[in-house]
Amino acid sequence: MPYSKRSDAGVHHHNHTSLPAAFAAGSVSAIRGLSGNSVLVENTCGKWVRREAAKYAELRRQYRVLQRLPRSLAPAPVFLNRHWLYVEWVEGQVAESWPPADVLARTLSQLHHQPLFGWRIVLLPLLQHYWQNASPSRRTARWLAQLKKCQHHREPAPIRLAPLHMDIHPGNIVHCGDRIRLIDWEYAGDGDVGLELTTLAIDESPQFSACVAFYARHMHLNEVTLRQQIRRWLPWVNLLMASWYEYRWQETQSSEFIQLADQAWCRLKNT
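Rendered as structure tokens:
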């Protein structure tokens, strides 16, 4: 999936009710992804990703995130109104597998050295929301027990607060020459760096251990302490992933999400 370099021509950094002429016509095609809320808009003026959300506040938050981040990390926000957020289409190759451990660690370090966004990621309200809105037939005693366990125990105390992406996987990584950029920032917020690293551990990449070592050096963190923190976060992140897949299955009835949820429950059983 190719993406395009930033162009500041015609960039709108404030809200509009109607679309600028550059976005009003052209072809629209779906972009593959689990969220299913993005399309590619293409015409003679250029290419953009158009993102939708149930609430305007979610689009506005994504816009603020992209405004604050350097273009070396993230695409530029182009236009926002109450219906859509238009984002630059980044030229490059979407990853089919994880990038080299040192490249990923360096990119994470660059992100985690940015100023805080201003809002915290708190997992318990998300877990409760996904439980309440999942299919009743899938709300098992085991799931409820895991949720109550999280309600009883507080989230791990942060070892370092930083702006987080919270959805890093190969499909959200674009190779741009000798560097990578991250796309799909809809879940971004401030949180513990250990939480971000744990979301990468879920994929069980063979490069993960090396990435943690490189990252600890970049961030001047004790590697043993960081690995211990990842282990503390692992049950939380496994439950978060399983709950999100259950929630998405109830929304879409796509069997893909049931399969992913079942895999996540298996991982949770082993943590």
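For the sequence shown, the positions run 84 to 354 when our numbering is used. Glycine included, each C-beta is placed from N, C-alpha and C at the ideal position.
Check                                                                                                : Outcome
Contact under 8 Å by Cβ, G254 with V177                                                              : yes
Sub-8 Å separation of I242 and P158 beta-carbons                                                     : no
Exposure of R53, with buried meaning 16 or more beta-carbon neighbours within 10 Å                   : One cannot answer for residue 53 here, as it falls past the ends of the chain, which runs 84 to 354.
Stretch-stretch touch, CB-based, cutoff 8 Å, three pairs: the region 160-174 with the region 189-196 : no
Contact set for P160: own chain, Cβ-Cβ below 7 Å, skip 5 residues either direction                   : Y146, L149, Q150, L168 and V170
Residue interval of the alpha helix (DSSP H) (run including S338)                                    : S338 to K352
Anticipated Cβ contact below 8 Å, A217 with Y330, distance rounded                                   : 6 Å
Contact check, A347 vs W332, beta carbons under 8 Å                                                  : no
Whole-angstrom C-beta distance between D261 and L199, which should lie under 8 Å                     : So it is not a contact: roughly 28 Å between Cβ atoms.
Through-space distance from E141 to R189, alpha-carbon basis                                         : 28 Å
Whole-Å CB distance - C294 paired with L283, under 8 Å assumed                                       : 7 Å
L351 vs P318 beta-carbon contact at 8 Å                                                              : yes
Cβ-based neighbour list, K232, same chain, cut-off 7 Å, excluding 5 preceding and 5 following        : none
Sequence-distant residues of its chain with Cβ nearer than 7 Å to R222 (five each side left out)     : W214
Beta-carbon proximity check, D275 vs P246, cutoff 8 Å                                                : no
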